[in-house]
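J.: Quick one: structure below, then a few questions.
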Amino acid sequence: MAADGLMCEGDHLVLDVNGEKLTFVQKLKANGTIRVGKYNVPAAPLVGAPYGALFEVSSDGRSLQRVLLPPPDEITRITETERDNSNLFDRNNENQKLTQEQIEELKKSGKAGSEIIEALCSNSATFQNKTEFAQDKYKRRKAKKYLTYLTVRKPTARIVCEAFYDKCPERVWHLRHDTLAVMLNLANVAAGAKVLVVEHCMGVVTAAAVERLGGMGAVCAVQLDERPAPLDAVRQMNLDTQQRSVLFTALASSLLRDKEGAAARAQQLPDSTAAPAAAAPAAPVAGGEEAPAASEAMEVDPPAAPAEPAAAAQAGEEGTTQGQSGEGPSGGAEAAAAQDGPSTSAA
259 MAADGLMCEG
269 DHLVLDVNGE
279 KLTFVQKLKA
289 NGTIRVGKYN
299 VPAAPLVGAP
309 YGALFEVSSD
319 GRSLQRVLLP
329 PPDEITRITE
339 TERDNSNLFD
349 RNNENQKLTQ
359 EQIEELKKSG
369 KAGSEIIEAL
379 CSNSATFQNK
389 TEFAQDKYKR
399 RKAKKYLTYL
409 TVRKPTARIV
419 CEAFYDKCPE
429 RVWHLRHDTL
439 AVMLNLANVA
449 AGAKVLVVEH
459 CMGVVTAAAV
469 ERLGGMGAVC
479 AVQLDERPAP
489 LDAVRQMNLD
499 TQQRSVLFTA
509 LASSLLRDKE
519 GAAARAQQLP
529 DSTAAPAAAA
539 PAAPVAGGEE
549 APAASEAMEV
559 DPPAAPAEPA
569 AAAQAGEEGT
579 TQGQSGEGPS
589 GGAEAAAAQD
599 GPSTSAA
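Numbering (this note's numbering), first residue to last: 259 to 605.
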């Protein structure tokens with residue numbers, strides 16, 4: 259696109275015809291034509307116009323003119339009446355004084371669609387006797403036939419989704435734009451994300467993900483078989499080079515093979531805890547001796563006993579020694595008692 263927001267040659271467009279139907283324009287050409295209803299109108303007025311511009315197709319379908327305001331409400335405006343339709347009789351075309359040939363002459367003469375509608379209303383034998391609601395219905399039906407307004411929409415993900423839903427809903431699995439927005443929100447698709455898309459919705463989900471990323475991240479469109487991934491919606495959007503750089507395709511079988519190969523390589527790896535310890539050499543220590551290997555059991559001195567039990571044990575050993583040697587008060591008394599014992603018993 260030469261300028262942001264302006265239509266250029268080669269752009270893809272979406273035409274909103276009378277606010278009721280969305281149609282695609284594959285590539286805009288200044289010397290080409292576009293299909294609007296049953297007419298092929300020249301596309302030159304679209305080149306250089308901004309997106310969202312409103313155009314009116316002439317009554318003969320030969321020209322396209324840009325208008326700044328939407329069609330006035332006077333065409334379908336009604337006034338309140340107290341009439342009813344009880345006295346009206348449907349006589350097919352006899353109620354209309356203008357013939358089809360006269361209407362075609364009005365078209366060829368360059369009359370606007372609003373003028374043709376006014377002529378039809380004034381030449382109708384039953385229009386003035388209809389209720390206000392019947393008059394409004396009559397005018398709206400004629401406006402759809404003789405008035406054609408189109409608005410050029412920029413092909414965003416939402417507009418493309420709406421156009422596909424309007425044109426062929428079964429081919430996009432009846433996916434609406436609001437459902438698509440919920441899917442993107444639940445998948446947390448945003449700039450910098452890595453998105454894997456498996457779909458059969460003509461690329462609508464893939465196109466929406468690419469638009470969300472804004473050129474930062476990656477979108478992988480998976481092919482379930484040898485047929486290419488559906489990217490019709492991506493081609494309908496005017497994406498620049500940076501936005502397209504995040505998109506690539508891959509076969510599902512290749513992704514599965516890569517996953518199986520990674521799992522096999524992970525199983526072949528040695529134990530991450532035992533291998534380094536077994537392979538580590540003994541490190542030298544001071545004095546020229548080698549430290550024991552990590553896998554060998556090391557003798558550890560028992561912990562020192564508490565101070566008070568050790569002192570009590572030492573005191574007990576000293577008492578025993580003194581008793582054996584006869585030193586100390588307790589030891590001497592016990593020795594004397596031992597010597598006096600036999601003599602006393604003898605007496």
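A virtual CB, placed ideally from N, CA and C, is assigned to each residue, including glycine. Bear in mind the structure is a predicted one, so any value in this text is a computation, not a measurement.
#1: Work out the CA separation of Gly-306 and Gly-450 for me, nearest whole Å.
#2: Can you pull the DSSP bridge partners for Lys-452?
#3: Rounded to whole angstroms, how far is the Cβ of Leu-442 from the Cβ of Ala-467, which I believe are closer than 8 Å?
#4: Closer than 8 Å is the cut-off here; do at least three beta carbon pairs connect the stretch 386 to 399 with the stretch 407 to 419?
#5: Among the residues of its own chain, which have a CB less than 6 Å from the CB of Glu-373, if the five just before and after it don't count?
#6: So, for Lys-452: in the same chain, excluding its five sequence neighbours on each side, which residues have a beta-carbon less than 7 Å away from its beta-carbon?
#7: Per DSSP, what are the beta-bridge partners of Asp-490 in this structure?
#8: Buried or exposed, going by whether 16 or more other CB atoms sit within 10 Å of the CB of Ala-415?
#9: Apply the 10 Å Cβ neighbour rule to Cys-459 and answer buried if 16 or more other Cβ atoms are within range, or exposed otherwise.
#10: Mind checking whether Ile-417 and Val-283 have CB atoms under 7 Å apart?
#11: Excluding five sequence neighbours on each side, which residues of the same chain lie with their C-beta closer than 8 Å to the C-beta of Gly-472?
#12: Where Arg-485 and Thr-291 are concerned, what is the direct C-alpha to C-alpha distance, given to the nearest angstrom?
#13: My guess is that Ala-288 and Ala-302 are in contact by the Cβ rule of under 8 Å, so how many angstroms apart are they, rounded?
#14: On the criterion of 16 or more Cβ atoms from any shown chain inside 10 Å, does Met-265 qualify as buried, or is it exposed?
#15: Straight-line CA distance for Tyr-297 to Ile-361?
#16: Short of 7 Å in beta carbon distance, which residues of its chain neighbour Ala-209, apart from the five on each side in sequence? Order them along the chain.
#17: To the nearest whole angstrom, what separates the beta carbons of Cys-478 and Leu-454, a pair I think is in contact under 8 Å?
#18: Regarding Asn-276 and the ligand ATP, is the C-beta to nearest heavy atom distance less than 6 Å?
#19: Beta-carbon within less than 6 Å of Leu-365's beta-carbon, same chain only, minus the 5 sequence neighbours each way: which residues are those?
#20: Excluding the 5 residues preceding and the 5 following Tyr-404 in the sequence, name in chain order all residues of the same chain whose CB lies nearer than 7 Å to its CB.
#21: CB-CB under 8 Å to Asn-381, same chain, minus the five flanking residues each way: which ones, in chain order?
#22: Could you name the residues of the same chain whose beta carbon sits closer than 8 Å to that of Val-462, not counting the 5 residues immediately before and after it, in chain order?
#23: Determine the DSSP secondary structure at Ala-533, reduced to helix, strand or coil.
#24: Suppose only complete runs of 4+ residues qualify. What are the alpha helix (DSSP H) ranges in the stretch 375 to 427, listed by chain order?
#25: Within 10 angstroms of its Cβ, does Thr-406 collect 16 or more other Cβ (buried), or is it exposed?
#26: When you compare only the Cα positions, how much space is there between Leu-322 and Leu-513?
#27: Can you give me the C-alpha to C-alpha distance between Asp-274 and Gln-481, rounded to a whole angstrom?
#28: Find the nearest neighbour of Leu-280 within the set Val-447, Arg-293, Phe-506, judged by alpha-carbon distance.
#29: Using a Cβ-Cβ cutoff of less than 7 Å, which residues in the same chain neighbour Ala-377 once the five nearest sequence positions on both sides are dropped?
#30: Leaving out the 5 sequence neighbours to the left and right, which residues in its chain are closer than 6 Å to Glu-469 when beta-carbon positions are compared?
#31: Excluding the five sequence neighbours on either side, which residues of its own chain have a C-beta within less than 6 Å of the C-beta of Glu-314, listed in chain order?
#32: Just the C-alpha distance for Leu-489 and Asn-387, rounded to the nearest angstrom, thanks.
#33: Go to Gln-360, then tell me how far its alpha helix (DSSP H) extends in each direction, as first and last residue.
#34: Use the C-beta contact count for Ala-521: other C-beta atoms within 10 angstroms, 16 or more gives buried, fewer gives exposed.
#35: So Pro-308 packs on Gly-268, CB below 8 Å; how close in whole Å?
#36: Could you check whether the Cβ of Thr-507 sits closer than 7 Å to any Cβ belonging to chain B?
T.: Considering the structure as presented:
#1: 34 Å
#2: Ala-476
#3: 7 Å
#4: no
#5: none
#6: Gly-475, Ala-476
#7: Note: Asp-490 sits in no beta bridge, so no partner.
#8: buried
#9: buried
#10: no
#11: Ala-449, Gln-501
#12: 33 Å
#13: 5 Å
#14: buried
#15: 17 Å
#16: Not covered by the structure: residue 209. The range shown for the chain is 259 to 605.
#17: 5 Å
#18: Inclusion of the ligand ATP in the displayed structure is not the case, the ligand content being empty and no account of it being possible.
#19: The sequence shown places Lys at residue 365, rather than the Leu named in the question. Cβ neighbours of Lys-365 beyond the five flanking positions: Ser-317, Asp-318.
#20: Ser-317, Gly-371, Ile-374, Ile-375
#21: Gln-354, Lys-355, Leu-356
#22: Ala-415, Val-418, Cys-419, Phe-422, Val-430, Leu-433, Leu-438, Ala-491
#23: Note that Ala-533 has pLDDT 44, beneath the 50 cutoff, so the model's placement of it is unreliable and the number below is only indicative. The answer is helix: DSSP assigns Ala-533 an H, G or I state.
#24: 390 to 404, 415 to 425
#25: buried
#26: 51 Å
#27: 33 Å
#28: Arg-293
#29: Leu-356, Leu-364
#30: Ala-415
#31: Gln-323, Val-325, Tyr-407
#32: 55 Å
#33: 358 to 366
#34: exposed
#35: Actually they do not touch by this definition, with Cβ atoms about 17 Å apart.
#36: As a matter of chain content, chain B is missing from the structure shown, which is built from one protein chain.
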